[in-house]
Amino acid sequence: MISRIFRLFLCLFSLTIFLIVSIISHIFISILCPKYRWIYFSYLNRIFARSLRVISGARVVVEGKSNIPATTGNLIISNHLTYLDGVVIGSIFPVIYLSKKEIKNWPLIGWMTSVSGTIFIDRKRRDESHKYVDEIAKKLRDRINVLLFPEGTSTNGECIRDFQSVFFEAPLSSRSYILPITIHYTKINNEPITKSNRDKICWYGQIPFRKHIWQLLQQRSVEAIVNIHPIIDINKLENSSLGRKELARHAYQIINKEYFKSHQ
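For the sequence shown, position 182 (counting from the first letter as 1) is numbered 759 according to my numbering, and the numbering increases by one without interruption.
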């Protein structure tokens, strides 16, 4: 109980420091170099994610480091199991996040995501998808990494849902690379992840966020493996509905194959 409360205190302390630094940074960057605002915040996001990774007790093994691009401005995509995915992947790469718009109204977390440049998406308003695509494409053109979970929601890990193709228009229109990543959690408290304990890490369906994060803070350790695949070169694909679907399908096959290979 004490450990859980202490971790919660550390999370809140880290969040408070991040908010203070972010607000001060916005002021100075607006005066000195507004052009580089979100590049700066992508790196600040990585520092914050690393602090949360340490606090959460997450140990991460990164495979395929040689596939990390030398330049930024890539659409980083991954399967999605829990909110911890963003912390784990964000601790490896400087990124701007995509998130469901409801999070913008959450206390503290909403403020943090807003000042850090998060692109908020209303998945119920498909008629507005072009706005989000344009915003993602602009970030990519400005050489900023964007992290996308194309399943559209997190799962319990039994399957990877089909990728939503609409957001793949962004790398096609900006002619940016796609970096596919497979993430899977192998152990919790040094015990293998099974159906009986997976809900301690996987957050999906109707599981309340507060209840789940309170439970996660109780765990001594979490182990994750992040597989970084070779970049997907989109230069041979057209920016069309067919091109987007083909790209989404290809990315899905790469991530899905690695995920279930590791679960055999």
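Using N, Cα and C, we set each Cβ at its ideal position, and we do this for glycine too.
Sequence-distant residues of the same chain with beta carbon closer than 6 Å to residue i, five excluded per side
| i | result |
| --- | --- |
| Ser591 | Ser628 |
| Ala714 | Ala747, Ser750 and Ser751 |
| Arg718 | Ser751 |
| Ile616 | Ile721 |
CA nearest to the CA of residue i, picked from the options
| i | options | result |
| --- | --- | --- |
| Asp699 | Ser691, Val692, Thr690 and Tyr709 | Tyr709 |
| Ser668 | Tyr620, Thr732 and Ile654 | Tyr620 |
| Ile686 | Ile604, Asn816 and Ile790 | Ile790 |
| Ser599 | Met689, Phe744, Pro807 and Asn816 | Met689 |
| Gly663 | Ser839, Phe583, Phe726 and Tyr781 | Phe726 |
| Ile808 | Arg821, His827 and Ile673 | His827 |
| Thr648 | Cys779, Ser607, Tyr754 and Trp683 | Tyr754 |
| Trp780 | Ile601, Lys678 and His657 | His657 |
| Ser706 | Ser691, Val692, Lys678 and Gly694 | Lys678 |
| Leu661 | Ser742, Asp711, Ile811 and Gln792 | Gln792 |
| Glu728 | Asp739, Asn622 and Glu735 | Asp739 |
| Leu652 | Ser839, Leu596, Tyr836 and Ala825 | Ala825 |
Proximity test, residue i beta-carbon vs the ligand GDP heavy atom, cut-off 8 Å
| i | result |
| --- | --- |
| Ile594 | With respect to small molecules bound, the structure shown includes none, and the ligand GDP cannot be examined in it. |
Beta strand (DSSP E) segment containing residue i, residue limits
| i | result |
| --- | --- |
| Asn644 | Looking at the DSSP string, Asn644 is not in any beta strand (DSSP E), and its letter there is neither H nor E. |
| Tyr613 | Premise fails: Tyr613 is in no beta strand (DSSP E) and is neither H nor E. |
| Arg759 | Rather than Arg, the amino acid found at residue 759 in this sequence is Thr. From DSSP, the beta strand (DSSP E) with Thr759 extends over Ile755 to Ile765. |
| Ile802 | Val799 to Ile805 |
| Phe726 | Phe726 -> no beta strand (DSSP E), and no H or E assigned at all. |
Cβ shell of residue i (< 7 Å), same chain only, five flanking positions each side left out
| i | result |
| --- | --- |
| Arg797 | Gly634 and Asn766 |
Start and end residues, alpha helix (DSSP H) containing residue i
| i | result |
| --- | --- |
| Arg636 | Segment Ala635 to Glu640 is the beta strand (DSSP E) holding Arg636; no alpha helix (DSSP H) there. |
| Lys834 | Ser818 to Lys838 |
| Ile713 | Ser706 to Arg718 |
| Ile790 | Phe786 to Leu793 |
| Leu652 | That residue, Leu652, is in no alpha helix (DSSP H); its beta strand (DSSP E) goes Leu652 to Ser655. |
| Leu749 | Glu746 to Ser751 |
Residue i classed as buried or exposed, judged by whether at least 16 other C-beta atoms fall within 10 angstroms
| i | result |
| --- | --- |
| Cys610 | exposed |
| Ala804 | Correcting the residue identity first, residue 804 is Asn in this sequence and not Ala. By the 10 Å Cβ count, Asn804 comes out buried. |
| Thr531 | Nothing about residue 531 can be reported from this structure: the residues present for the chain run from 578 to 841 only. |
| Phe745 | buried |
| Glu815 | exposed |
| Lys777 | buried |
| Thr659 | buried |
Cβ shell of residue i (< 8 Å), same chain only, five flanking positions each side left out
| i | result |
| --- | --- |
| Arg636 | Ser798, Val799, Glu800 and Ala801 |
| Ile606 | Tyr613, Arg614 and Tyr617 |
| Ile832 | Ile654, Ser655, Asn656, Ile737, Pro757, Ile758, Thr759 and His806 |
| Ile696 | Ile673, Tyr674, Leu675, Ser676, Tyr709, Glu712, Ile713, Lys716 and Val723 |
What are the complete alpha helix (DSSP H) segments, minimum 4 residues, inside the segment 665-693? If we require 4 residues or more, the alpha helix (DSSP H) runs fully inside the segment 665-693 come out as 686-692.
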